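In short: position in the sequence shown from 1, add 94, done, that's the numbering used here.
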Amino acid sequence: MDDARKSLNGVALDLGGTKLAAARVERGEVLFRAQIPTRGDASAAELVADMHGLACEVGLEPSDSVGVAVAGRVDSDGIWRAVNPDTLSNLADMNLRNLASSIFGCSVSVINDAQAATLAEYHFGAGHGSDAMAYVTVSTGVGGGFVIGGMPVVSPSGLVGHVGFSTSRLATHQCGCGRVGTVESVAAGRAIAAEARRQGHPVESARDVFEACYAGAGWAADIVNTSAAAVAELCANLTATLGIDRVVLGGGIGLAKGYAERVGSHLSDEPPLFQAKLVQAQLGQDGVLLGALAQLDFQGTDR
């Protein structure tokens with residue numbers, strides 16, 4: 095473990111589309127963790143209260159550094175907004191930084207969850223050494239982030255990195271963001287489960303589709319393969335647009351057994367110029383947590 099990671103100490107929180115996780119981190123290692131389901135219809139104040147309760151479970155102290163990573167977009171003023179209301183439906187443009195700092199009783203840093211994982215993978219994981227890295231997470235939704243020339247790519251609106259809302263030639267359905275034919279609408283976990291149900295298969299989640307795929311069900315393999323093909327197309331598009339040399343693939347779907355190999359197979363069908371190196375994230379669920387805590391050290395700074 096390098097010295098930069100060893101400097102991470104405090105409490106980190108990760109609020110995603112389906113789960114809220116908290117961890118106590120000391121010298122870059124997660125010592126304690128707790129997790130509850132995300133209340134997707136809760137207000138921002140209620141979600142922050144959930145975060146505080148979970149932080150207390152892992153031993154929050156008044157002197158701790160606290161980093162929060164959330165789904166949705168956080169603009170330069172700290173305002174938290176949903177991009178896909180199907181995931182978080184009741185945020186009402188709350189100043190997350192101020193609200194969390196007030197409830198926690200200390201200064202709280204905030205960041206988008208995919209951007210947090212991007213920072214962690216670049217500095218501590220599979221992206222280390224890349225000159226132009228993209229992180230793509232395929233989970234409940236599809237998101238990402240970029241580090242180019244040692245600098246994280248950010249935007250005042252907080253929209254940068256929401257790569258799942260770009261379009262795909264494989265998609266035809268409307269996305270929760272309002273656009274039609276997005277990568278997220280065909281590749282994300284919710285999209286995988288929705289497609290299975292449209293075909294008449296009584297699944298509860300993408301996990302059921304993957305289990306059916308592993309068991310040899312052709313319909314499930316087709317759905318998973320279409321998801322992987324859309325993500326491969328996204329990787330090629332990012333390479334064409336930003337000159338990416340490495341794509342780090344993460345998220346519950348992205349790290350599922352055999353999924354990265356499917357993405358890589360489709361990516362190999364692209365012309366060589368558009369085939370960035372594809373690698374799986376190394377930090378797993380800890381990536382977002384470490385990035386949430388590390389953001390003040392690394393955003394806007396070189397390695």
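Quick reminder that beta carbons are idealized off the backbone N, C-alpha and C, glycines included.
All figures in this text were calculated on a predicted structure; none of them were measured in a lab.
| query | result |
| --- | --- |
| Under a three-way DSSP split, which group does residue 188 fall into? | strand |
| In its own chain, which residues sit with a C-beta less than 6 Å from the C-beta of residue 99, not counting the 5 before and 5 after it? | 122 and 218 |
| Is the beta carbon of residue 372 less than 8 Å from the beta carbon of residue 357? | yes |
| Compare the C-alpha of residue 62 against each of 250, 386, 391 and 390 and name the closest. | An answer regarding residue 62 cannot be provided, because it is not within the stretch 95 to 397 covered by the chain. |
| Which residue marks the beginning of the alpha helix (DSSP H) containing residue 175, and which one marks its end? | Segment 173 to 175 is the beta strand (DSSP E) holding residue 175; no alpha helix (DSSP H) there. |
| Identify the continuous beta strand (DSSP E) that holds residue 205 and give its terminal residues. | 202 to 206 |
| On the DSSP letters alone, give me the boundaries of the alpha helix (DSSP H) that residue 335 sits inside. | 312 to 336 |
| Looking at the unbroken alpha helix (DSSP H) that takes in residue 389, where does it start and where does it end? | 380 to 392 |
| Which residues share a DSSP beta bridge with residue 104? | 119 |
| Cβ atoms of residue 281 and residue 399: under 8 Å apart, would you say? | Because the chain in this structure spans residues 95 to 397, residue 399 falls outside the shown range and cannot be described. |
| Nearest to residue 244 by CA position, among 262, 257, 264 and 215, is which residue? | 215 |
| Which word fits residue 395, buried or exposed, when buried means at least 16 other C-beta atoms lie within 10 angstroms of its C-beta? | Here the model assigns residue 395 a pLDDT of 42, short of 50, so the residue's position is not dependable, and the following value carries that caveat. With fewer than 16 Cβ atoms within 10 Å of its Cβ, residue 395 is classed as exposed. |
| Just to confirm the assignment, what range does the alpha helix (DSSP H) spanning residue 357 have? | 353 to 361 |
| Give the DSSP-derived three-state secondary structure of residue 280 in the structure shown. | helix |
| Which first and last residues belong to the beta strand (DSSP E) in which residue 301 is found? | That residue, residue 301, is in no beta strand (DSSP E); its alpha helix (DSSP H) goes 300 to 308. |
| Can you give me the C-alpha to C-alpha distance between residue 96 and residue 384, rounded to a whole angstrom? | 13 Å |
| How do the stretch 304 to 318 and the stretch 252 to 268 stand: do at least 3 beta-carbon pairs fall below 8 Å, yes or no? | no |
| Tell me the rounded alpha-carbon separation between residue 195 and residue 161. | 10 Å |
| Apart from the five residues on each side of it in sequence, which residues of its chain come closer than 7 Å, Cβ to Cβ, to residue 146? | 197 and 198 |
| Mind reading off the beta-carbon distance from residue 390 to residue 228? Whole number of angstroms is fine, and I expect it under 8 Å. | In fact, because the Cβ distance is near 23 Å, the residues do not count as touching under 8 Å. |
| Can you give me the start and stop residues for the alpha helix (DSSP H) that residue 142 sits inside? | 138 to 151 |
| Given 8 Å as the limit, is there contact between the stretch 238 to 253 and the stretch 288 to 297, that is, 3 or more CB pairs closer than that? | no |
| Does any residue of chain D have a CB that is nearer than 8 Å to the CB of residue 286? | Of the protein chains in the structure, only one exists, and it is not chain D. |
| Pull the bridge partners of residue 231 from the DSSP assignment, please. | 237 and 344 |
| When you compare only the Cα positions, how much space is there between residue 210 and residue 189? | 19 Å |
| Could you tell me the boundaries of the beta strand (DSSP E) in which residue 243 lies? | First-last for residue 243: undefined, no H or E at that position. |
| Quick check on the DSSP output: the beta strand (DSSP E) that includes residue 374 runs from which residue to which? | 371 to 374 |
| Buried or exposed: residue 305, going by 16 or more other Cβ atoms within 10 Å of its Cβ? | exposed |
| For residue 254, which residues from the same chain have a beta carbon less than 7 Å from its beta carbon, with the 5 sequence-adjacent residues on both sides left out? | 247 and 248 |
| Whose C-beta lies closer than 6 Å to the C-beta of residue 397 among residues of the same chain, with five residues either side of it excluded? | Caution applies to residue 397, whose pLDDT of 36 falls short of 50 and renders its modelled position unreliable; the value that the coordinates give is listed next. Counting only Cβ-Cβ distances below 6 Å, and skipping sequence neighbours, we find 244. |
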